[in-house]
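Below is one structure, written out as structure tokens; comments come after it.
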Amino acid sequence: MPDRWGRTLMQRRAAMQARDTGSPAQALQDIDYLLGVHDLCRMGALRFKSEPDGDFLDNDPVYPTPPWSSVRDLQYSAALIESGSDTTDAGKWLAMLMAPGSSLGGARPKANILDKDGHPWIAKFPSHSDTVNKGAWEYLAYRLALDAGITMAESRLEHVSGEFDTFFTKRFDREKHERIHFASAMTMTGKNEELIRESAPSYLDLVEFIQFSGANVNDDLNQLWRRIIFNIMISNTDDHLRNHGFILTDEGWRLSPAFDINPSIDKAGLALNIDMDNNARDLELAKSVGSFFRLGKKAMDSIVDDVRSSVSNWQKLATRIGIPRTEQSLMAAAFTNFRV
Numbered sequence: 001m002p003d004r005w006g007r008t009l010m011q012r013r014a015a016m017q018a019r020d021t022g023s024p025a026q027a028l029q030d031i032d033y034l035l036g037v038h039d040l041c042r043m044g045a046l047r048f049k050s051e052p053d054g055d056f057l058d059n060d061p062v063y064p065t066p067p068w069s070s071v072r073d074l075q076y077s078a079a080l081i082e083s084g085s086d087t088t089d090a091g092k093w094l095a096m097l098m099a100p101g102s103s104l105g106g107a108r109p110k111a112n113i114l115d116k117d118g119h120p121w122i123a124k125f126p127s128h129s130d131t132v133n134k135g136a137w138e139y140l141a142y143r144l145a146l147d148a149g150i151t152m153a154e155s156r157l158e159h160v161s162g163e164f165d166t167f168f169t170k171r172f173d174r175e176k177h178e179r180i181h182f183a184s185a186m187t188m189t190g191k192n193e194e195l196i197r198e199s200a201p202s203y204l205d206l207v208e209f210i211q212f213s214g215a216n217v218n219d220d221l222n223q224l225w226r227r228i229i230f231n232i233m234i235s236n237t238d239d240h241l242r243n244h245g246f247i248l249t250d251e252g253w254r255l256s257p258a259f260d261i262n263p264s265i266d267k268a269g270l271a272l273n274i275d276m277d278n279n280a281r282d283l284e285l286a287k288s289v290g291s292f293f294r295l296g297k298k299a300m301d302s303i304v305d306d307v308r309s310s311v312s313n314w315q316k317l318a319t320r321i322g323i324p325r326t327e328q329s330l331m332a333a334a335f336t337n338f339r340v
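Here the sequence shown is numbered in this note's numbering, starting from 1 and rising by one per residue.
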């Protein structure tokens with residue numbers, strides 16, 4: 001199901017179609033968002049048909065996933081759509097974005113593009129509201145995470161146009177043109193927006209799923225706890241259930257590569273509780289639940305040392321990436337917990 005950005009594209013398309021036909025715009029329902037995603041770009045391996053022998057929905061060949069060479073035009077069109085521009089060319093730019101962008105979650109402007117081998121990547125464009133180089137900071141988090149032993153999809157940073165950079169990440173739900181089943185932790189833990197408003201979700205909910213349904217329990221619990229420590233140390237406070245997921249392998253369900261990891265100075269605590277009640281970015285709190293992750297003190301200390309060793313280099317890496325000192329000073333508060 002698309003999130004804010006994908007829904008924005010679909011709403012703009014519906015409004016333009018209504019205006020062109022002279023009919024009132026219809027409010028889109030969840031089923032419209034679900035079936036309106038272009039088939040080639042759907043997350044995971046679920047596909048939909050209205051008839052058993054019919055084509056998959058939506059599989060319009062007029063709007064294929066664009067090649068890497070079109071990323072500049074895609075970024076320009078995303079900026080127009082995000083700003084609410086209603087120029088005479090808006091329909092053309094919207095059409096360019098609909099197929100590659102409508103499937104994607106989150107609020108940031110983004111699109112699917114294909115590399116030279118035909119593998120899809122997600123391009124995350126700068127937003128008109130950005131005050132720092134969000135793409136560069138996400139790339140920094142990616143590099144630190146890899147060094148900390150966290151499984152990540154291949155990613156890169158490029159300057160396309162404008163003031164800030166564009167972050168690219170390779171889709172891990174595709175392999176040699178085959179689709180891989182993916183489901184978010186929101187789905188796998190049986191949660192929804194109403195339930196999490198009533199009872200705050202916890203990393204222990206993910207632990208429960210892994211223990212009862214995971215194909216490699218020890219490795220995935222170790223990896224998940226490592227991600228908690230990393231999130232604490234870089235203040236990745238957008239670690240909600242939709243930003244964790246699982247992929248279906250030949251063994252069964254495994255923790256997916258980590259994604260959407262960003263340092264933040266906007267929130268005090270994590271999005272998920274570490275135990276059942278507390279979301280504080282506190283290493284001792286994380287250690288207090290280590291037994292649920294089948295970790296002893298020696299293993300936990302080793303993971304903390306691994307992550308601390310990586311995160312302690314954040315300023316050197318930021319400078320190499322080209323992030324200016326002014327931004328580093330602004331974001332420094334996100335990296336204080338690695339010294340604890």
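The beta carbon of each residue, even a glycine, is placed where N, CA and C say it ideally should be.
Taking a cut-off of 8 Å on C-beta distances, the segment 196-203 does not touch the segment 118-125, as fewer than three cross pairs fall below it.
In the displayed model, T249 falls within coil according to three-state DSSP, outside both helix and strand.
Residue I265 holds the alpha-carbon nearest to the alpha-carbon of D238 among Q223, L157, S127, I265. Comparing alpha carbon positions, the residue from F292, M152, D165, F48 closest to K134 is D165.
T189 and L241 do touch by the CB rule: their CB atoms are close to 7 Å apart, below 8 Å. D117 and L272 have their C-alpha atoms roughly 37 Å apart. A residue is called buried when at least 16 other Cβ atoms come within 10 angstroms of its Cβ; T319 does not meet this threshold and is exposed. V160 and G296 have their C-alpha atoms some 46 Å from each other. Between E138 and S155, the CB-CB gap stays under 9 Å. Straight-line spacing of the CA atoms in A268 and D282 works out to 11 Å.
Annotation: L157 is outside any alpha helix (DSSP H); the continuous beta strand (DSSP E) that includes it extends over 155-158.
Per DSSP, N222 is not a residue of any beta strand (DSSP E); the alpha helix (DSSP H) it occupies stretches across 217-234.
Within 10 angstroms of the beta-carbon of S77 lie 16 or more other beta-carbons, which makes it buried.
Counting only residues of its own chain and dropping the five nearest sequence neighbours on each side, E251 has a CB closer than 7 Å to the CB of A215, N216. Cβ neighbours of L144 within its own chain (closer than 8 Å, five residues either side excluded): F230, I234, S310, V311, N313, W314, L317.
The Cβ atoms of P257 and A153 lie closer than 9 Å to each other.
Excluding residues up to 5 positions away in sequence, F182, A183, S184, A185, S256 lie with their Cβ nearer than 7 Å to the Cβ of G245 in the same chain.
For V307 and I150, the gap between their C-alpha atoms comes out near 9 Å. Between W253 and I261, the C-beta spacing is not below 9 Å. Secondary structure at L114: strand, using DSSP grouped into helix, strand and coil.
Secondary structure note for A141: its alpha helix (DSSP H) is the uninterrupted segment 134-147. Rounded to the nearest angstrom, the Cβ distance from F293 to N222 is 7 Å, consistent with a contact under 8 Å. The shortest CA-to-CA distance from S129 to any of P109, A148, D115 is the one to P109.
Of the candidates D305, G322, S329, G322 places its Cα closest to the Cα of E163. If you look at W121, you'll find it in the beta strand (DSSP E) that goes 120-124.
Boundaries for S184: no alpha helix (DSSP H) harbours it, while the beta strand (DSSP E) harbouring it runs 182-184, taken from the DSSP string.
Sixteen is the threshold: when 16 or more other Cβ atoms of the shown chains lie within 10 Å of the Cβ of A136, as they do, the residue is buried. Burial check for M43: the Cβ neighbour count within 10 Å reaches 16 or more, so the residue is buried.
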